[in-house]
Amino acid sequence: MKPLKILSIILLCSCFAYGQQDMPSCKLLGLDGETYEVMGDFSVPDRLYVISFWATWCAPCIVELEELNDVYEEWIKQVDFTLIAVSVDDARTEMRVNSFVKGKGWPFIILKDTNQELKRRLGINDVPHVLIVKNKKIIYAHTGYTAGDEIELLETLKKYKS
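For the record, in the sequence shown the residue sitting at position 6 is 6 according to the working numbering, with numbers rising by one throughout.
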């Protein structure tokens, strides 16, 4: 029982620390070939941003994004937010991203972090990794994907909507 309490305290502290973290700005390439400034181009006051870090080779990432795709239109009616999927595919696999996304028909914004600069700045070690950002502050972070995680994500979005 004691290890469980210790783990709970550690998790609570890590969530609190993330909640205090500013979302760093970083220039990333969009599928359209344009460069976007994360937290520059995407920093409307009081708007919620869901930022999902993924890769074409990551099966749980694809499952998570497919689940988000399935509920996206319904969620937009409940909570006004912007979903940004940031590919962390490196130079060896980056060429697959455009055709992969086109084949999926995902309606959300797709950016490429080919050099993994944003991923590094945030200290992200594994994908999938999802953040919710509001007013340039990270208010939620989750690593990994298990069926049902999207329910927690929606509840968190509802909690922080303006």
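The beta carbon of each residue, even a glycine, is placed where N, CA and C say it ideally should be. Being a predicted model, the structure only gives us computed values, none of them experimental.
One question on the structure: do residue i and residue j come within less than 8 angstroms of each other, judged by their Cβ atoms?
{"i": "L153", "j": "V127", "result": "no"}
{"i": "E150", "j": "L68", "result": "yes"}
{"i": "T114", "j": "A91", "result": "yes"}
{"i": "E94", "j": "K112", "result": "yes"}
State the CB to CB distance for the pair residue i and residue j, rounded to an integer number of angstroms; the pair is presumed to be in contact (CB under 8 angstroms).
{"i": "D46", "j": "K134", "result": "7 angstroms"}
{"i": "I132", "j": "V50", "result": "6 angstroms"}
{"i": "L178", "j": "L48", "result": "Only positions 1 to 162 of the chain appear in this structure, which leaves residue 178 out of reach."}
{"i": "V88", "j": "K161", "result": "Actually they are not in contact, since the Cβ atoms of V88 and K161 sit about 28 angstroms apart, beyond 8 angstroms."}
Going straight from the alpha carbon of residue i to that of residue j, what length do you get?
{"i": "W57", "j": "V63", "result": "12 angstroms"}
{"i": "S25", "j": "E37", "result": "6 angstroms"}
{"i": "F42", "j": "K159", "result": "21 angstroms"}
{"i": "V44", "j": "K136", "result": "9 angstroms"}
{"i": "N98", "j": "V71", "result": "22 angstroms"}
{"i": "C61", "j": "F53", "result": "8 angstroms"}
{"i": "K27", "j": "T35", "result": "6 angstroms"}
{"i": "H142", "j": "N125", "result": "12 angstroms"}
{"i": "W75", "j": "E155", "result": "10 angstroms"}
{"i": "Q171", "j": "G123", "result": "The question about residue 171 has no answer here: the residues shown for the chain are numbered 1 through 162."}
{"i": "E73", "j": "L29", "result": "25 angstroms"}
{"i": "M39", "j": "Y145", "result": "25 angstroms"}
{"i": "E117", "j": "G103", "result": "26 angstroms"}
Grab the span of the alpha helix (DSSP H) containing residue i for me, first residue to last.
{"i": "W145", "result": "This sequence places Tyr at residue 145; Trp is not what is there. Unbroken run through Y145: none, as it is neither H nor E."}
{"i": "G30", "result": "First-last for G30: C26 to G30, but that is the beta strand (DSSP E), not the alpha helix (DSSP H)."}
{"i": "W75", "result": "A59 to Q78"}
{"i": "L118", "result": "E117 to R121"}
{"i": "K104", "result": "V97 to K104"}
Is the CB of residue i under 8 angstroms away from at least one CB in chain C?
{"i": "K119", "result": "Absent from the structure: chain C. Only one protein chain is present."}
Can you give me the start and stop residues for the beta strand (DSSP E) that residue i sits inside?
{"i": "F81", "result": "F81 to S87"}
{"i": "F53", "result": "L48 to W54"}
{"i": "K134", "result": "H129 to K134"}
{"i": "T35", "result": "T35 to V38"}
**Request:** Take every Cβ of the segment 96 to 112, pair it with every Cβ of the segment 72 to 84, and state whether three or more of those distances are shorter than 8 angstroms.
**Result:** yes
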